[in-house]
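Engineer: Take 1055 as the starting number for the sequence shown in our numbering and just add one per residue. Okay, handing you the structure first.
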Amino acid sequence: MDAEPGPSAQGWSMVPDERERTAAPAGHPGAHRDVAARVRGQYRAHPFPPPQRRHSYRNHARFVRQYLEGLGIDPAGRRFGDMACGTGLMLLDYALEFPEAELVGYDLSEASVERANATLAEEGVGNARALVADLLDLGETESFDYVVSWGTIHHLAEPGEGLLALARVLKPGGVLRLGVYGYYGNWERHIQQEIVRTLGQGLDLEDKIRLVREWAAADLRFLAAQTAPPVDLDDDDWVVDEFLHVWERPLRLDEVVSGLARGGLSVLALTDYDDRPIPLDPTAHIRSPTLAQRASQLPFDQQCHLVELLTRPYWLAVLARKQGP
Ligand SMILES: C[S@@+](CC[C@H](N)C(=O)[O-])C[C@H]1O[C@@H](n2cnc3c(N)ncnc32)[C@H](O)[C@@H]1O
């Protein structure tokens, strides 16, 4: 992560909040342990994703099959890892899409892993399992052909360490699909979280969940804001994940690109949450030929930064590949 003062250095918070008062600051030696303990506690009480999302990752898994085929990678006999699989619904859809591969999911939350294995058993899936583990401490090196990490790296004390951990577990030539909140595209959501924090001071979690519902129903701007997928406000676990999370530290696309490069990965493509391509060539997003020319002279990470600024996706879904054998 860059050391310059900037929006990402402190996360998005606009006023001191409970997260800043109680968590060790990022960079502190105990920060990862403290944040991980709080995140584990949240997902113990509120595992994610909720059961109504079952089979919602099928298109995602199909897209990945096509992408790997396009790279000339035959999934047969390959090892796939889901780094922070939560309740395992993505793992399930991968297992169904790739019966010829072996899949392992890892998550900090025992409650989520238990639910993941129960779901896999219910669906009669034999090629996937979930294990309790911290993705920063997997004890696996260069052992996966494909790794997905969806919606998790921004919940680490130091997201850059998470990027290096993902790079470490990939085999040379392996492919990563990383999904994180967009930095600029989440501005509205972070304002919403700030409204909830400000109004909810002193309330316990159950009352804060009720407050989210009451506020969201009455706020026209909430109804107009787009997220992918839309939040199910009737579901407590979903409300907590989106509005009351104990720790979020979003990272910019250029930080993702340079963080992965540190681990030996090159970013190949960017899509939104639903796999729609977002060209990484900034000239695709600029009408002025003179400015397009200036943009095309920037280094790759700065081109990516510009693409994020110009397109402001709610979700950044990156495809990257580790330098191969
Ligand atoms: C928003 S959920 C995403 C679940 C799943 N990837 C999905 O998108 O459906 C984030 C998950 O990350 C897990 N998590 C957070 N930090 C972790 C860490 N250091 N190691 C392993 N899992 C972690 C949490 O327990 C939680 O289940």
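The beta-carbon is built from N, C-alpha and C at its ideal position, and this holds for glycine as well.
Measuring CB to CB, does residue 1145 end up less than 8 Å from residue 1182?
Structural biologist: Yes. Within cutoff.
Engineer: Considering residue 1361, what are the terminal residues of the beta strand (DSSP E) in which it resides?
Structural biologist: From DSSP, residue 1361 is part of no beta strand (DSSP E) but of the alpha helix (DSSP H) over 1354-1365.
Engineer: Give the single residue among 1325, 1102, 1127, 1117 whose Cα lies nearest to the Cα of residue 1169.
Structural biologist: Among 1325, 1102, 1127, 1117, the Cα nearest to that of residue 1169 is on 1102.
Engineer: In whole angstroms, give me the CA-to-CA distance for residue 1338 and residue 1123.
Structural biologist: Computed Cα separation, rounded: 26 Å.
Engineer: Assign residue 1345 to one of two classes, buried (16 or more other C-beta atoms within 10 Å of its C-beta) or exposed (fewer than that).
Structural biologist: Exposed: under 16 other Cβ atoms inside 10 Å.
Engineer: Using alpha carbons as the reference points, say which of 1165, 1093, 1200 lies closest to residue 1295.
Structural biologist: Closest option to residue 1295, Cα to Cα, is 1093.
Engineer: Would you say the beta carbon of residue 1380 comes nearer than 7 Å to a heavy atom of ligand 1?
Structural biologist: Any question about residue 1380 goes unanswered here, given that the chain covers just 1055 to 1379.
Engineer: Given residue 1165, which residues of its chain have a CB within under 7 Å of its CB, disregarding the five upstream and five downstream residues?
Structural biologist: Excluding sequence neighbours, residue 1165 sits near 1097, 1098, 1101.
Engineer: If we ignore side chains and look at the alpha-carbon of each, how far apart do residue 1263 and residue 1348 end up?
Structural biologist: Going by the C-alpha atoms only, they are around 47 Å apart.
Engineer: Using a Cβ distance threshold of 8 Å, determine whether the stretch 1204-1217 contacts the stretch 1305-1321, with at least three qualifying pairs required.
Structural biologist: Yes, the stretch 1204-1217 is in contact with the stretch 1305-1321.
Engineer: In its own chain, which residues sit with a C-beta less than 6 Å from the C-beta of residue 1056, not counting the 5 before and 5 after it?
Structural biologist: Because residue 1056 carries a pLDDT of 32, less than 50, the predicted location of this residue cannot be relied on, and the following value inherits that uncertainty. Here the set comprises nothing.
Engineer: Since residue 1336 and residue 1361 are thought to touch, with beta carbons under 8 Å apart, how far apart are those beta carbons, to the nearest angstrom?
Structural biologist: Sure, about 5 Å apart at Cβ, within 8 Å.
Engineer: So, does the stretch 1227-1234 touch the stretch 1245-1264, judging by three or more C-beta pairs under 8 Å?
Structural biologist: Output reads no: the stretch 1245-1264 does not touch the stretch 1227-1234.
Engineer: Determine the burial state of residue 1154: buried for a count of at least 16 other Cβ atoms within 10 Å of its Cβ, exposed for fewer.
Structural biologist: Exposed: under 16 other Cβ atoms inside 10 Å.
Engineer: Considering just the uninterrupted stretch of the alpha helix (DSSP H) at residue 1227, what are its terminal residues?
Structural biologist: Premise fails: residue 1227 lies in the beta strand (DSSP E), 1224-1235, not in any alpha helix (DSSP H).
Engineer: Quick one: any contact between the stretch 1176-1195 and the stretch 1268-1285, if contact means 3 or more CB pairs under 8 Å?
Structural biologist: Verdict: no, contact absent.
Engineer: Taking Cβ positions, are residue 1111 and residue 1157 nearer each other than 8 Å?
Structural biologist: Their beta carbons are not under 8 Å apart, which means residue 1111 does not touch residue 1157 by this criterion.
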